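Student: Going left to right, the sequence shown walks through residues 44 to 690 as the numbering used here numbers them.
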Amino acid sequence: MRLRLIQALLAVTVGCFVVATAYISHLIAERQTALQEISRYNIVWSVNQALVEFTRLQQRVAESAVAGSGVDADEVALRVEILLGRLDILDNGEAEGYIRRNPENVRVLGRLEETLVAAEPLLGRLGEPGTVLALNRLLSPLHAELASLASDARQTGDRRIAEDQGELRRLHRLFTGLAAGLILCGIALILLLLWSNRLLARSDTKLRQDQLKIVHMARHDPLTGLANRLRFNDELEACLNHANCGASSLTIMFLDLDCFKDINDTHGHLFGDEVLKAVADRLRRNIGDDNLVARLGGDEFAILLPPSRETHDCAGLASRLIAAISAPFAIDGVEFTIAVSIGIAELRDRSAEPGQLLKQADLALYQAKGDVICIFRFFEPKLEEDLHARKSLEAELRNALGNGELEVFYQPVIEVARDAICGFEALMRWRHPERGMIPPAEFIPLAEEVGLIVQLGEWVLRQACAEAASWPSEIKIAVNLSPVQFRDRSLVQTVVSALAASGLTPSRLELEITETVLLDRSDRNVAILHQLRGLGVRIAMDDFGTGYSSLSYLNSFPFDKIKIDQSFVRGLTTSADSLAIVRLVAGLGSSLGMTTTAEGVETEDEYLALKAAGCIEVQGYYFGRPTPASQIDLDRQKSQAGSRSAA
Numbered sequence: 044m045r046l047r048l049i050q051a052l053l054a055v056t057v058g059c060f061v062v063a064t065a066y067i068s069h070l071i072a073e074r075q076t077a078l079q080e081i082s083r084y085n086i087v088w089s090v091n092q093a094l095v096e097f098t099r100l101q102q103r104v105a106e107s108a109v110a111g112s113g114v115d116a117d118e119v120a121l122r123v124e125i126l127l128g129r130l131d132i133l134d135n136g137e138a139e140g141y142i143r144r145n146p147e148n149v150r151v152l153g154r155l156e157e158t159l160v161a162a163e164p165l166l167g168r169l170g171e172p173g174t175v176l177a178l179n180r181l182l183s184p185l186h187a188e189l190a191s192l193a194s195d196a197r198q199t200g201d202r203r204i205a206e207d208q209g210e211l212r213r214l215h216r217l218f219t220g221l222a223a224g225l226i227l228c229g230i231a232l233i234l235l236l237l238w239s240n241r242l243l244a245r246s247d248t249k250l251r252q253d254q255l256k257i258v259h260m261a262r263h264d265p266l267t268g269l270a271n272r273l274r275f276n277d278e279l280e281a282c283l284n285h286a287n288c289g290a291s292s293l294t295i296m297f298l299d300l301d302c303f304k305d306i307n308d309t310h311g312h313l314f315g316d317e318v319l320k321a322v323a324d325r326l327r328r329n330i331g332d333d334n335l336v337a338r339l340g341g342d343e344f345a346i347l348l349p350p351s352r353e354t355h356d357c358a359g360l361a362s363r364l365i366a367a368i369s370a371p372f373a374i375d376g377v378e379f380t381i382a383v384s385i386g387i388a389e390l391r392d393r394s395a396e397p398g399q400l401l402k403q404a405d406l407a408l409y410q411a412k413g414d415v416i417c418i419f420r421f422f423e424p425k426l427e428e429d430l431h432a433r434k435s436l437e438a439e440l441r442n443a444l445g446n447g448e449l450e451v452f453y454q455p456v457i458e459v460a461r462d463a464i465c466g467f468e469a470l471m472r473w474r475h476p477e478r479g480m481i482p483p484a485e486f487i488p489l490a491e492e493v494g495l496i497v498q499l500g501e502w503v504l505r506q507a508c509a510e511a512a513s514w515p516s517e518i519k520i521a522v523n524l525s526p527v528q529f530r531d532r533s534l535v536q537t538v539v540s541a542l543a544a545s546g547l548t549p550s551r552l553e554l555e556i557t558e559t560v561l562l563d564r565s566d567r568n569v570a571i572l573h574q575l576r577g578l579g580v581r582i583a584m585d586d587f588g589t590g591y592s593s594l595s596y597l598n599s600f601p602f603d604k605i606k607i608d609q610s611f612v613r614g615l616t617t618s619a620d621s622l623a624i625v626r627l628v629a630g631l632g633s634s635l636g637m638t639t640t641a642e643g644v645e646t647e648d649e650y651l652a653l654k655a656a657g658c659i660e661v662q663g664y665y666f667g668r669p670t671p672a673s674q675i676d677l678d679r680q681k682s683q684a685g686s687r688s689a690a
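1. Which class does T219 belong to by DSSP, given the choice of helix, strand or coil?
2. P669 CB to nearest chain B CB: under 8 Å?
3. If you draw a straight line from the C-alpha of L211 to the C-alpha of E163, how long is it?
4. What's the C-alpha gap between L677 and P515?
5. Taking DSSP as the reference, what is the three-state secondary structure of D195?
6. Please state whether DSSP places A690 in a helix, a strand or coil.
7. What is the DSSP secondary structure of C658, counted as helix, strand or coil?
8. Among the candidates L401, L440, D462, whose CA atom is the shortest distance from the CA of E647?
9. Buried or exposed: S384, going by 16 or more other Cβ atoms within 10 Å of its Cβ?
10. I'd like the ranges of any alpha helix (DSSP H) spanning at least 4 consecutive residues and lying wholly in the stretch 230 to 294.
11. May I ask you to list the residues that DSSP assigns as paired with W473?
12. Using DSSP's beta-bridge definition, name the partner residues of V377.
13. Can you check the stretch 329 to 374 for any beta strand (DSSP E) of at least 3 residues that lies completely inside it and give the ranges in chain order?
14. For A629, which residues from the same chain have a beta carbon less than 7 Å from its beta carbon, with the 5 sequence-adjacent residues on both sides left out?
15. For N240, does the count of other Cβ atoms within 10 angstroms reach 16, so buried, or fall short, so exposed?
16. Could you spell out the range, first to last residue, of the alpha helix (DSSP H) harbouring V625?
17. Following the continuous alpha helix (DSSP H) through G153, name the residue where it begins and the one where it ends.
18. How close, in whole Å, do the beta carbons of A93 and R129 come, if the pair is a contact with beta carbons under 8 Å?
19. I'd like to confirm the pairing. Which residues does DSSP put opposite V456 in its beta bridges?
20. Could you say which of D585, H475, E501, E468 lies nearest to R551 if we only look at CA atoms?
21. By the DSSP assignment, the alpha helix (DSSP H) with D586 in it spans what residues?
22. Does S82 pass the burial test, meaning 16 or more other C-beta atoms within 10 Å, or should it be called exposed?
23. Closer than 8 Å is the cut-off here; do at least three beta carbon pairs connect the stretch 522 to 534 with the stretch 494 to 511?
24. In this structure, what does DSSP give as the bridge partners for D301?
25. So for P424, helix, strand or coil by DSSP?
26. With a threshold of 6 Å on Cβ separation, who are the neighbours of H215 within its own chain once the five nearest residues in sequence on each side are excluded?
27. Let's test the definition: count the other Cβ atoms within 10 Å of the Cβ of N135 and tell me whether it reaches 16, buried, or not, exposed.
28. Counting C-beta neighbours from all protein chains within 10 Å, is the total for P146 16 or more, i.e. buried, or is it exposed?
29. Should the stretch 392 to 411 be regarded as contacting the stretch 431 to 444, the criterion being three or more beta carbon pairs within less than 8 Å?
30. Compare the C-alpha of V580 against each of L615, T537, D566 and name the closest.
31. Do you know offhand how far P349's Cα is from T294's?
32. Is it right to say H285 is buried, meaning 16 or more other beta carbons lie within 10 angstroms of its own, or is it exposed?
33. Applying the 10 Å Cβ sphere with the 16-neighbour rule, what's the burial state of M480?
34. What does the alpha-carbon distance come out to for the pair R150 and L159?
35. Under 6 Å Cβ to Cβ from A504, same chain only, skipping five residues before and after it: list those, please.
36. Taking the alpha-carbon positions, what's the I365 to F419 distance?
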């Protein structure tokens, strides 16, 4: 805005200079014209000279009559010629204009010329008596008229002199004022230029400040003020170059806040931003000035320990950071704690690239998050091998369904009171063409992590419902649902579609969930469970007793079945505590109207103990291993149940 104003003022000042220059040129021209008018003053002189010459002529005529005067006819004739010359001057130039303006002047000069013409014959007889007298009588009347003409010319000249002097004074005043104005404009222009230079200097300073600010913003996180990913990568590359020159002990750490998403979901993103700022402050206080701490994005942070001759105490630093961040926070009156996992990568290969070191730290962080919260892990070459194996397994898993490598196996569930099959649990199996049967514990978590479990879970549900529809009506089918499937908004519609396609009665379908479903977005997930219950489907809580709040979830949703985790069944014959817990859960289920099913039964002693404890249903290898649908023999299963009863 200021620069535009200066530009406008400069334009006006320059315009004033142009106008003033043009006007001065005009004044100079007028002054030259006025000076030229001075030539008009010669009119007065010419008229006066004519009168003087006429008077001299009269004198010479009078003197020619006096003897011994020395004036002869030639001198008188000379005076006549001189007077005629004066008349020629009055008939040309400015004098002619003056004479022509007044008819009386023209008449006087005309008479003078006529008189001189008439006097010429008398000049030749100037010595004769009476000639001088005749000439005097001829010339005398014109003297008064020429004197009047000279007086009028003098008055006209005086008037013109006064007018020209006034005009010159006016031009002088204008010229002086204009010159003063130009001087002021020049001063104003100088001041404007000084002001402009000052503003330009300020603008240049502000521009440099803005450039520094832009550079700072480009290399720092706007929320926490920490270095961002760009600066971290640049510093890492510079440190690697330095390390390749002989320094050592270069280390980077990746930090990730555990369950930070829950904070955002519970308290909002603005609250989450304040948490990130508080975490950044704690990192600053615990990281030395020689080290670099950065926020890579979201709830991910990184620390760079530059090359040093001394070995970094990474384990000690990681422990301090975990302790500092795990300490309680108090923000906006809300007290809470947050956990952090740390992955550490140390420079081992001097030819390592930045991306390679970052990848190693990320792998170590992934390992730390996969173990338990508030823990740190160092990178080991085995982690990279595991990553390649995992990526290969993931690629093969994505093609497994289309290649027909996945199968649904069924494990029988026994009703204790009748000692007969009351249902089957559908279990997914992967028959790899080269590696053979891959354990579910190996590929199910991978499918959940990469999002394939939604597609695979829907396929298992449809296969199980279609197969169970051909079984006797008293046989139920149980299908496990992953917590990841509850994030899919089409879960209820998928169940409806599977039931409709197979024709299976909804009451014969049991959907098994773990307490993680209720822990993750519990309100929404409980609402989905109620929708499934509304279809007539039975809901079972799987792995009961392994979580820290299993009992509280029984109050959150009225489950149809409780499945006691096999870890309690394993200790039935050796631990009185396990037996007491099983009896407690069985009694709790009975009082709440819920079926209790014990998993993992492998021996007859375990079966008899569970039967005595009051469990309604049991399942495990003792009753049958999971088998494909084509190998299920309900009659054989009945005969085996009869033999157990006889025993």
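In this text, a Cβ means the ideal position worked out from N, Cα and C, and glycines have one as well.
In this text the structure is predicted, and so the values were computed from the model without any measurement.
Tutor: So, from the listed chains and residues:
1. Position 176 of the sequence shown, counted from the start, is the residue given in the question as residue 219. In this structure, T219 counts as helix in the three-state DSSP scheme.
2. Among the chains in the structure shown there is no chain B, since it carries only a single protein chain.
3. Looking up residue 211 in the sequence shown gives position 168. Looking up residue 163 in the sequence shown gives position 120. L211 and E163 have their C-alpha atoms some 48 Å from each other.
4. The residue labelled residue 677 in the question sits at position 634 within the sequence shown. The residue labelled residue 515 in the question sits at position 472 within the sequence shown. Looking at the two C-alpha atoms, the distance is approximately 9 Å.
5. For the purposes of this step, residue 195 is taken as the residue at position 152 of the sequence shown. Assigned with DSSP and collapsed to three states, D195 falls in helix.
6. The residue given as residue 690 occupies position 647 in the sequence shown. Below a pLDDT of 50, predicted positions are generally treated as unreliable, and A690, at 48, falls in that range; no measurement from the model is reported.
7. Counting from one through the sequence shown, the residue named residue 658 turns up at place 615. Correct three-state label for C658: coil.
8. Taking the sequence shown and counting its residues from 1, the one referred to as residue 647 is at position 604. Considering only alpha carbons, the answer is D462.
9. As a first step, residue 384 must be located in the sequence shown, where it is residue number 341. Buried, since its Cβ has 16 or more Cβ neighbours within 10 Å.
10. Counting whole runs of 4 or more residues, the stretch 230 to 294 contains the alpha helix (DSSP H) stretches 272 to 286.
11. Walking along the sequence shown from the start, residue 473 turns up at place 430. W473 has L449, I481 as its beta-bridge partners, per DSSP.
12. Taking the first residue of the sequence shown as 1, we reach residue 377 at position 334. Residue pairing from DSSP places V377 in a beta bridge opposite I374.
13. 335 to 340, 343 to 348, 372 to 374, all fully within the stretch 329 to 374.
14. Your numbering for residue 629 matches position 586 in the sequence shown. By the criterion of a C-beta distance shorter than 7 Å, A629 is surrounded in its chain by T639, A656, G657, C658, once the five residues flanking it on both sides are discounted.
15. Taking the sequence shown and counting its residues from 1, one reaches residue 240 at position 197. So N240 ends up on the exposed side.
16. Counting from one through the sequence shown, the residue named residue 625 turns up at place 582. Counted as a single uninterrupted DSSP element, the alpha helix (DSSP H) harbouring V625 occupies residues 619 to 635.
17. As a working mapping, residue 153 is identified with position 110 in the sequence shown. 146 to 166 is the span of the alpha helix (DSSP H), which, as asked, contains G153.
18. Numbered from its first residue, the sequence shown carries residue 93 at position 50. Numbered from its first residue, the sequence shown carries residue 129 at position 86. Going by Cβ atoms, the distance from A93 to R129 rounds to 4 Å, so yes, they are a contact pair.
19. For the purposes of this step, residue 456 is taken as the residue at position 413 of the sequence shown. V456 is bridged to G466.
20. Taking the first residue of the sequence shown as 1, we reach residue 551 at position 508. A check of alpha carbon separations from R551 across D585, H475, E501, E468 identifies E468 as the nearest.
21. In the sequence shown, the residue the question calls residue 586 occupies position 543. Looking at the DSSP string, D586 is not in any alpha helix (DSSP H); the run it does join, the beta strand (DSSP E), is 581 to 587.
22. As a position in the sequence shown, residue 82 is number 39, starting the count at 1. Summary for S82: the model assigns pLDDT 49, below 50, so the residue's position carries little reliability, and this model does not support an answer.
23. Remark: three or more beta-carbon pairs, one from each stretch, lie closer than 8 Å, so the stretch 522 to 534 and the stretch 494 to 511 are flagged as touching.
24. Position 258 of the sequence shown, counted from the first residue, corresponds to residue 301. Note: D301 sits in a beta bridge opposite A382.
25. Residue mapping note: residue 424 aligns to position 381 of the sequence shown, counting from 1. Helix at P424.
26. For this step, residue 215 is matched to residue 172 along the sequence shown. Hits under 6 Å: none found.
27. Within the sequence shown, numbered from 1, the residue matching residue 135 stands at position 92. Per the 10 Å Cβ criterion, exposed.
28. Residue numbering aside, residue 146 sits at position 103 when the sequence shown is read from its first letter. Counting Cβ neighbours within 10 Å, P146 comes out exposed, since fewer than 16 surround it.
29. Taking a contact to require three or more Cβ pairs closer than 8 Å, the stretch 392 to 411 and the stretch 431 to 444 do not qualify as touching.
30. Residue mapping note: residue 580 aligns to position 537 of the sequence shown, counting from 1. Between V580 and the set L615, T537, D566, the nearest pair of CA atoms involves T537.
31. Translated into positions along the sequence shown, residue 349 becomes position 306. Translated into positions along the sequence shown, residue 294 becomes position 251. Rounded to the nearest whole angstrom, the C-alpha separation of P349 and T294 is 7 Å.
32. Numbered from its first residue, the sequence shown carries residue 285 at position 242. Burial call: exposed.
33. For the purposes of this step, residue 480 is identified with residue 437 of the sequence shown, where counting begins at 1. Classification of M480: exposed, given that the 10 Å Cβ count is below 16.
34. For the purposes of this step, residue 150 is taken as the residue at position 107 of the sequence shown. For the purposes of this step, residue 159 is taken as the residue at position 116 of the sequence shown. Taking the Cα positions, R150 is about 14 Å away from L159.
35. Start at 1 with the first residue of the sequence shown, and residue 504 comes out as number 461. The residue asked about is misnamed: residue 504 is Leu in this sequence, not Ala. Taken in chain order, the residues that qualify are V522, A541.
36. In the sequence shown, counting from the first residue as 1, residue 365 sits at position 322. In the sequence shown, counting from the first residue as 1, residue 419 sits at position 376. Per the coordinates, the alpha-carbon of I365 lies some 8 Å from the alpha-carbon of F419.
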